[in-house]
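J.: Take 213 as the starting number for the sequence shown in our numbering and just add one per residue. Each residue gets a CB set at the ideal place from its N, CA and C atoms; glycine is no exception. Note that this is a predicted model, so its numbers are computed, not measured. For reference, the structure I am asking about is given below.
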Amino acid sequence: MNTILRTQLAGVARRPARLLLTGLAVLVASFVVYATVLANQITQRSILDGLSGTPEAVDLIVRNGLVDDKQLAAITAMPGVSRTAPRTGMGGQMGGQYLNITADPGSGPLALVTVTQGRYPSAANEIAVTPRTVQLLALPVGSTATIDPGTGKKVPLTVVGVVDAPEDFGYDAFAPASTVFALTNDNYLQQVDIDVDAGADAGQVADKINALFAGAKADERPEVATGADVRLEEARRAASQVDQLFAVVGMFVGIAVAAAGLIAASTFRIVFAQRMRQLALLRAVGAGRGATFRALAAEGALTGVVTGTVGVVAAQAAGYLVPAALRGLGIGAVKNPGFPLLWAVGTVLLAVVISVVAVLSPAVSASRVAPLEALRTAAGTGARTGIGVLRWITGLLPLAGALALAGYVYTNLPAPNEENYDAQTMLLAVVASGALAFVALIALGPVLVRPVLAVAGWPLRRVGPVGRLAVGGVGGSARRAAAVAVVVALGVTLVAGLLVGGASIQALGNRELAAAAPADFELTGGEGATLPAGVVERAKASKELTRVTPYRRLDKAKIAQFENTAITDLDPHALPALKELDVRTGSLDDLKPGSAVLAHYLAEMADIKAGDPVTVQNGTKTVTFTVAAVLGDDAPLHSGLLVTPGDLTALGASTAYSGILADAAGSGEDARTEALRAMRAAGAGDSDFTVTVLADQRDDLNNDLATLLGIALGLIGLTVLIAVVGVGATTALSVVERARESGLLRAIGMSRGGLRTMLTAESALYGVIGAVLGLALGVPYAWLAVQAIGVNAPLAVPVWQLVVAFLALVALTALAGVLPARRAARVSPVTALGTE
């Protein structure tokens, strides 16, 4: 055993590059694992170091109790108190809009806002607003906001400045506490921030404040906390969110680690096959199977130690470089990421475990080769293309389990709006089915490679000899191709599932927004109010607006047993977004006089279907309609029924319009701002009119989905990265394994360019096979997962996104083979033919 081990280690010492190449996927996985730990640590330290919402100058905070203006004055006058910042807020109606006013000093170390235009309020009834509030509520500097603070009396407030604030929702204003107190009858504060004099004892000041409230009731007595403790609470709250994020990251890192194990097993198998003659000689001179196996396993452990250490060192270096780069871009980050020793050691041990597990099967196969059989030839890894009975069983059993679970989920999918549906259990069943399907793919991969290659390689065979040789090179080593393609398939399955799932959720969101927000803007006159003459004409005359669509509405109709049901006569073909309405039965094209479109909840609860009659009563008016269509959700504008204008008049509706919907004529933020001003101008400046920016709802949904998809695709990219690394390593090792073959091809006339093209095409074919298998798994499982959630989302297949992902993956795998191909082409035919 010692002799064999020394022989193996001596070979490793002579070729250290081969060891790193063998464990390249493990090296990348180690880098990813340790880099994730450092990223978590850097993020948390950055938050703790200054991303808190409480200013650094705050030494004490009085909170969670009742503090009035007199007690505030007493606190401010206490010895040792430098300054105070009372925090309170109130909201008021500004016509049909809402304005929130928050107390802030506006300047000094305790201020949360910074003036960017004009000045901060200093006199009564002056406010400063945020940039988005200027835009959405048309409140530039110098304008007047007339609000009703809830007293029934309107108060004019003059906008004197614009400020940057921690948050900007588009309805935010700031003013001194005295102004906020004057607007409301409530003189109690939410909290008081206190800056203590330099050199003063904050503890003594806290004792005095506690004494001030000693006589208060227990449930009204505020607590006095230190600013440091509050900042730490805020940081920990943010850090807990970071932990939750990195828990999700950890799941994807785990998938990447599993992919690295598969790649490592494939590369070990190739390396051992290359050294078959050496292993046979060891067997011939007396080395037993057990001793050979243990020596190869030890080599795998050494590979894990080396690659794990290199990965940790590389990640630690990145941990210093990345924060420095972030600080150079003006993004706050800690200078020293630290060195979590236990995590570093654990990462190296993980690399050892991955390598040892990956080496076991190849080592068993290599140790079983008979000496004489191995001495006859330096056969490559592609000699065996089929699989044995045991592997067939290993593949078919999990495949049967996957199909059984998928069938169970499919047969138990929920009906629309089904109650008490256990979505979590169904999703777990989908995940379990997918995992079993992937296990089956690993086992049956060599069998699946050939039919996929027969189709995918057809264009290459028509190119010429180089293409035929590339297809033959992949097909002649089906096990190797399957081992690499399976990891590529894992990445593509995740990417395809994510894209299909995201597109389906997006389609569901568009359906819901088609009913709630079918246009960019809506102008209304309040509940039950109608628009005066001229408003619609002014809106239609505006060049900044397009598709101006007026509508009428009744709010208190009775349909079947349901009272106070809203009915509208909005034209379902007037706005493009209305095409996204979820029509369950019937058709919107059948809406005509005497018919109606019914919301799903009314149809279900009243047991009404398309074609049935439905009676509607509004006061003394009663009309019976034929249901033309039943929607999957509300009717437009959250109504229950959609009818024609003539039928709404027959129900007693006024001829005056209830509201206007319109889209911006141009695209971009500037065009939307101009369109918003045009909508307000259409109302002739009447503050009782409400202009709602419905497009913000669509933007929020799209932005949230885009952010989630971007993060998820980035995490899935870890698996794709390791798959690409595996393709590169496999190609590089196969170049060494097939050196004589390459030399022979060069000797009979193949050019260097032709050899490079052939090997690069082989790498690309690994990507093609993996991508085809990944799409075959990803799309069906994505649909099943979306249906299992129970949200009635449609199946949306983003064909172009999937095509781009497919082509990008094939291009990456082709690029992974470029360097090995160039290396092979540089070797002279004579040298290659002399290689063992």
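May I have the straight-line CA-CA distance separating residue 786 from residue 726, to the nearest angstrom?
T.: In the sequence shown, counting from the first residue as 1, residue 786 sits at position 574. In the sequence shown, counting from the first residue as 1, residue 726 sits at position 514. For residue 786 and residue 726, the distance between alpha carbons rounds to 12 Å.
J.: Using a Cβ-Cβ cutoff of less than 6 Å, which residues in the same chain neighbour residue 790 once the five nearest sequence positions on both sides are dropped?
T.: One-based indexing of the sequence shown puts residue 790 at position 578. So the qualifying residues of the chain are 726, 730, 784.
J.: Thinking C-alpha only, which one of 1037, 1031, 986, 1035 is nearest residue 1021?
T.: Position 809 of the sequence shown, counted from the start, is the residue given in the question as residue 1021. Selected option, being the one with the closest Cα: 986.
J.: Alpha carbon to alpha carbon, how far is residue 996 from residue 705? Give it in angstroms, no decimals.
T.: Taking the first residue of the sequence shown as position 1, residue 705 is located at position 493. Taking the first residue of the sequence shown as position 1, residue 996 is located at position 784. For the pair residue 705 and residue 996, the Cα-to-Cα distance works out to about 13 Å.
J.: So for residue 856, helix, strand or coil by DSSP?
T.: Numbered from 1 along the sequence shown, position 644 holds the residue referred to as residue 856. Coil.
J.: Are at least three pairs of beta-carbons, each pair with one atom in the region 686 to 706 and one in the region 970 to 979, less than 8 Å apart?
T.: yes
J.: With H, G and I counted as helix, E and B as strand and the rest as coil, what does DSSP make of residue 599?
T.: Position 387 of the sequence shown, counting from 1, holds the residue named residue 599. Three-state result, residue 599: coil.
J.: When you compare each of 410, 304, 466 to residue 249 by their alpha carbons, which one comes out closest?
T.: Start at 1 with the first residue of the sequence shown, and residue 249 comes out as number 37. The residue with the shortest Cα to Cα distance from residue 249 is 466.
J.: Leaving aside the five residues before and after residue 999 along the sequence, list all residues of the same chain whose C-beta is less than 7 Å from its C-beta, in chain order.
T.: Sequence index remark: in the sequence shown, residue 999 carries index 787 (1-based). Cβ neighbours of residue 999 beyond the five flanking positions: 625.
J.: Enumerate, from N- to C-terminal direction, the unbroken alpha helix (DSSP H) stretches of 4 or more residues contained entirely within the region 633 to 693.
T.: 635 to 668, 670 to 675, 677 to 687
J.: What does a CB cutoff of less than 6 Å around residue 833 pick up in its chain, not counting 5 residues either side in sequence?
T.: One-based indexing of the sequence shown puts residue 833 at position 621. These residues qualify, in order along the chain: 863, 864.
J.: What does DSSP give as the partner residues of residue 296 in its beta bridges?
T.: Numbered from its first residue, the sequence shown carries residue 296 at position 84. Beta-bridge pairing links residue 296 to 406.
J.: Looking at residue 849 and residue 826, is the spacing between their C-beta atoms short of 8 Å?
T.: In the sequence shown, the residue the question calls residue 826 occupies position 614. In the sequence shown, the residue the question calls residue 849 occupies position 637. Their beta carbons are not under 8 Å apart, which means residue 826 does not touch residue 849 by this criterion.
J.: State the beta-bridge partners of residue 771 as determined by DSSP.
T.: Counted from its first residue, the sequence shown places residue 771 at position 559. Bridge partners of residue 771: 774, 828.
J.: If we call anything under 8 Å between Cβ atoms a contact, is residue 434 one with residue 274?
T.: What you label residue 434 is simply residue 222 of the sequence shown in a count that begins at 1. What you label residue 274 is simply residue 62 of the sequence shown in a count that begins at 1. Contact flag set, yes.
J.: State the beta-bridge partners of residue 338 as determined by DSSP.
T.: Locating residue 338 in the sequence shown gives position 126, where the first residue counts as 1. DSSP output for residue 338 lists 370 as bridge partner(s).
J.: If you check the beta carbons only, do residue 712 and residue 991 fall under 8 Å apart?
T.: In the sequence shown, residue 712 corresponds to position 500, counting from 1. In the sequence shown, residue 991 corresponds to position 779, counting from 1. The Cβ-Cβ distance between residue 712 and residue 991 falls below 8 Å.
J.: Who are the Cβ neighbours of residue 887 in its own chain at under 6 Å, not counting the five residues just before and after it?
T.: Residue mapping note: residue 887 aligns to position 675 of the sequence shown, counting from 1. Correct list, in chain order: 756, 757, 876.
J.: Could you tell me the alpha carbon to alpha carbon distance between residue 291 and residue 423, rounded to whole angstroms?
T.: Here the question's residue 291 lines up with position 79 in the sequence shown. Here the question's residue 423 lines up with position 211 in the sequence shown. Cα to Cα, residue 291 sits roughly 14 Å from residue 423.
J.: Excluding five sequence neighbours on each side, which residues of the same chain lie with their C-beta closer than 6 Å to the C-beta of residue 380?
T.: Walking along the sequence shown from the start, residue 380 turns up at place 168. Counting only Cβ-Cβ distances below 6 Å, and skipping sequence neighbours, we find 342, 344.
J.: If we count the other Cβ atoms within 10 Å of its Cβ and call it buried at 16 or more, is residue 1038 buried or exposed?
T.: Along the sequence shown, read from residue 1 onward, the residue named residue 1038 stands at position 826. So residue 1038 ends up on the exposed side.
J.: How would you write the range of the beta strand (DSSP E) that residue 833 sits in, first residue to last?
T.: Your numbering for residue 833 matches position 621 in the sequence shown. From DSSP, the beta strand (DSSP E) with residue 833 extends over 833 to 843.
J.: From residue 1126 to residue 247, what distance separates their C-alpha atoms?
T.: Since the displayed the chain opens at 213 and closes at 1048, residue 1126 lies outside it and no answer follows.
J.: Short of 8 Å in beta carbon distance, which residues of its chain neighbour residue 1074, apart from the five on each side in sequence? Order them along the chain.
T.: Residue 1074 is absent from the model: the chain starts at 213 and stops at 1048.
J.: Does the distance from the C-beta atom of residue 610 to that of residue 652 stay below 8 Å?
T.: Residue numbering aside, residue 610 sits at position 398 when the sequence shown is read from its first letter. Residue numbering aside, residue 652 sits at position 440 when the sequence shown is read from its first letter. In contact: residue 610 and residue 652 (Cβ atoms closer than 8 Å).
J.: Got a sec? Which residues, its chain only, sit under 6 Å from residue 904 by beta carbon, not counting five neighbours each side?
T.: Within the sequence shown, the letter at position 692 stands for residue 904. Taken in chain order, the residues that qualify are 734.
J.: Taking only the alpha-carbon atoms, compute the straight-line gap between residue 558 and residue 910 and give it to the nearest angstrom.
T.: Residue numbering aside, residue 558 sits at position 346 when the sequence shown is read from its first letter. Residue numbering aside, residue 910 sits at position 698 when the sequence shown is read from its first letter. Rounded to whole angstroms, residue 558 to residue 910 spans 45 Å at the Cα level.
J.: Measure the C-alpha to C-alpha separation of residue 331 and residue 420 and round it to an integer number of angstroms.
T.: Residue numbering aside, residue 331 sits at position 119 when the sequence shown is read from its first letter. Residue numbering aside, residue 420 sits at position 208 when the sequence shown is read from its first letter. Rounded to the nearest angstrom, the two C-alpha atoms are 36 Å apart.
J.: Taking 6 Å as the limit between beta carbons, can you name the residues of its chain near residue 607, skipping five residues before and five after?
T.: Reading the sequence shown from its first residue, position 395 is the one you call residue 607. Taken in chain order, the residues that qualify are 652, 655, 656.
J.: Using a 10 Å radius around the Cβ and a threshold of 16 neighbouring Cβ atoms, would you call residue 551 buried or exposed?
T.: As a first step, residue 551 must be located in the sequence shown, where it is residue number 339. Exposed, since its Cβ has fewer than 16 Cβ neighbours within 10 Å.
J.: Kindly identify the DSSP beta-bridge partner or partners of residue 851.
T.: For this step, residue 851 is matched to residue 639 along the sequence shown. Answer is 847, bridged to residue 851.
J.: Is it a yes or a no for the region 408 to 419 touching the region 314 to 328, going by three-plus beta-carbon pairs under 8 Å?
T.: Below 8 Å, too few C-beta pairs join the region 408 to 419 and the region 314 to 328 to call them touching: fewer than three.
J.: Mind checking which residues open and close the beta strand (DSSP E) that includes residue 310?
T.: Here residue 310 refers to the residue found at position 98 when the sequence shown is read from its first residue. 309 to 315 is the extent of the beta strand (DSSP E) around residue 310.
J.: Measure from the alpha carbon of residue 846 to the alpha carbon of each residue in 866, 796, 824, 805, then state which is nearest.
T.: Here residue 846 corresponds to residue number 634 of the sequence shown, with the count starting at 1. The shortest Cα separation from residue 846 among 866, 796, 824, 805 belongs to 796.
J.: If we count the other Cβ atoms within 10 Å of its Cβ and call it buried at 16 or more, is residue 984 buried or exposed?
T.: Counting from one through the sequence shown, the residue named residue 984 turns up at place 772. The residue in question, residue 984, is buried, as its Cβ has 16 or more Cβ neighbours within 10 Å.
J.: Measuring only from the beta carbon, is residue 761 closer than 7 Å to any heavy atom that is part of the ligand NAP?
T.: By its list of ligands, the structure shown contains no ligand whatsoever, and the ligand NAP lies outside what it can speak to.
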